[in-house]
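Down below is the structure, laid out as structure tokens.
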Amino acid sequence: MEDTIKDSNVLIILGNGHNAAMNLRTGYTDFGRHYMKPMKEFTGSRLYESLLESYTIAPGQWNDLESEIKRFALSFDPARDNAEKEYEFFEWLRTNLGFYMDGEAKYRFIIGLDPEKGDKSYKDMLMDSLPIYMFSAILCNDFHFDILSFNYTWLEIILNKMTCSLLNLPSETLPFNKTAEEYFRKRLNIKYVHLSGKKCILGTDDDEKIHPQVSFMKKAYQLENSSSYPHDMKKYKSILIYGHSLGETDHDVIKLGTVV
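The letter at position 257 of the sequence shown is residue 257 when you use the working numbering, and the numbering goes up by one with no holes.
Spelled out as structure tokens, the structure:
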């Protein structure tokens with residue numbers, strides 16, 4: 001295997017749309033189907049109660065979680081709301097959303113089954129998806145690419161399986177095929193924008209005028225207090241954004257030409 005260019009000038013930013021294109025059920029609606037249910041421990045959290053009500057009324061349309069969080073944060077009133085209770089629920093939400101997304105990818109790709117369609121294999125459907133074609137082209141290229149992932153799933157599993165297929169190597173479930181792992185790591189430098197423990201970066205942008213007691217709902221606050229990579233985007237000549245909405249709540253997380 002030949003050496004590759006180590007100083008990449010190409011950055012690929014991945015969002016959850018990347019998961020959706022692989023038919024992974026990692027949307028907010030999918031999360032709500034499994035997690036949004038009455039929980040006594042969060043009684044008194046207005047955010048929890050509003051999210052539960054929203055999901056109960058329209059379970060198939062509950063797909064803008066961050067807008068719901070933003071509305072709550074802007075309406076927070078310390079005379080009425082319990083900041084400690086809101087923080088407790090918000091951390092539960094970030095943690096379980098991250099673990100759900102990660103688990104969804106692992107289950108469908110490692111196990112290879114679609115529980116909603118009997119025992120039909122998921123792998124064939126996955127390998128025929130647009131993201132797989134994109135990564136196949138990248139892995140066959142001699143250049144080195146940086147990947148900044150906001151989609152919270154285990155890309156290494158997918159890339160290892162893909163590389164095994166490209167190189168005609170045996171594909172183990174765990175541990176990884178080490179030859180395949182070495183091959184894709186020579187071409188891809190993956191950096192995840194999330195906290196340890198798979199907590200999602202979730203909430204409002206930094207410009208929102210929210211009460212200081214709920215500043216933990218700002219994405220910038222979470223990034224400042226995380227182990228995420230600060231990432232200088234100025235050095236890249238090309239930036240490809242794939243599957244990321246770039247909605248208004250993302251403006252302070254992704255600022256091209258600055259530091260994330």
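All residues carry an ideal CB built from backbone N, CA and C; glycine is no exception.
Asked, Found
"Any chance the segment 178–196 sits against the segment 28–38, with 3 or more Cβ pairs inside 8 Å?", "no"
"Say whether the segment 127–145 touches the segment 47–61, bearing in mind that this needs 3 or more beta-carbon pairs closer than 8 Å, one atom from each stretch.", "no"
"State yes or no: is the C-beta of Asn168 within less than 8 Å of the C-beta of Phe184?", "no"
"Write down every uninterrupted run of the alpha helix (DSSP H) in the segment 128–204 whose length is 4 residues or greater and which is fully enclosed by it, in chain order.", "130–139, 155–167 and 178–187"
"Within 8 Å, do at least three Cβ pairs link the segment 73–80 to the segment 17–27?", "no"
"Comparing alpha-carbon positions, which option in Leu240, Gln213, Asn189 and Ile132 lies nearest Asn23?", "Ile132"
"So Leu263 is in the alpha helix (DSSP H); what residue range does that whole segment cover?", "Since the first residue shown for the chain is 1 and the last is 260, residue 263 is missing from the structure and cannot be characterised."
"At what residues does the alpha helix (DSSP H) containing Ile210 begin and finish?", "No alpha helix (DSSP H) holds Ile210; DSSP gives it neither H nor E."
"Starting from Tyr242, trace the beta strand (DSSP E) in both directions and tell me its first and last residue.", "Ser238 to Tyr242"
"Do the segment 95–103 and the segment 198–207 make contact, defined as three or more Cβ pairs closer than 8 Å?", "yes"
"Does the CB of Val193 have a neighbour CB from chain D at under 8 Å?", "Of the protein chains in this structure there is only one, and it is not chain D."
"For Leu24, which of helix, strand or coil comes out of DSSP?", "coil"
"Using a Cβ-Cβ cut-off of 6 Å (strictly less than) and excluding sequence neighbours within five positions of Ala46, which residues of its own chain qualify?", "Reading off the sequence shown, one finds Arg at residue 46, where the question assumed Ala. Counting only Cβ-Cβ distances below 6 Å, and skipping sequence neighbours, we find Asp81."
"DSSP puts Ile12 in a beta bridge; with which residues?", "Ile147 and Leu240"
"Measuring straight from C-alpha to C-alpha, what distance separates Ile210 and Tyr242?", "30 Å"
"Over the uninterrupted alpha helix (DSSP H) stretch that includes Phe72, give me the two end residues.", "Leu65 to Ser75"
"Compute the distance between the beta-carbons of Ile239 and Leu11, then report whether it is under 8 Å.", "yes"
"Are the Cβ atoms of Thr204 and Ile69 separated by less than 8 Å?", "yes"
"For Phe89, which residues from the same chain have a beta carbon less than 8 Å from its beta carbon, with the 5 sequence-adjacent residues on both sides left out?", "Phe42, Ser45, Leu47 and Tyr48"
"DSSP puts Lys265 in a beta bridge; with which residues?", "Limits of the chain in this structure are 1 at one end and 260 at the other, which puts residue 265 out of reach."
"Measure the alpha-carbon distance for Ala21 versus Asn9 and round it to whole angstroms.", "26 Å"
"Where does Arg94 sit, in a helix, a strand or coil, going by DSSP?", "helix"
"Would you kindly work out how many angstroms separate the C-alpha atoms of Gln213 and Leu148, rounded to a whole number?", "30 Å"
"Would the beta-carbon of Leu139 fall within 8 Å of that of Met162?", "yes"
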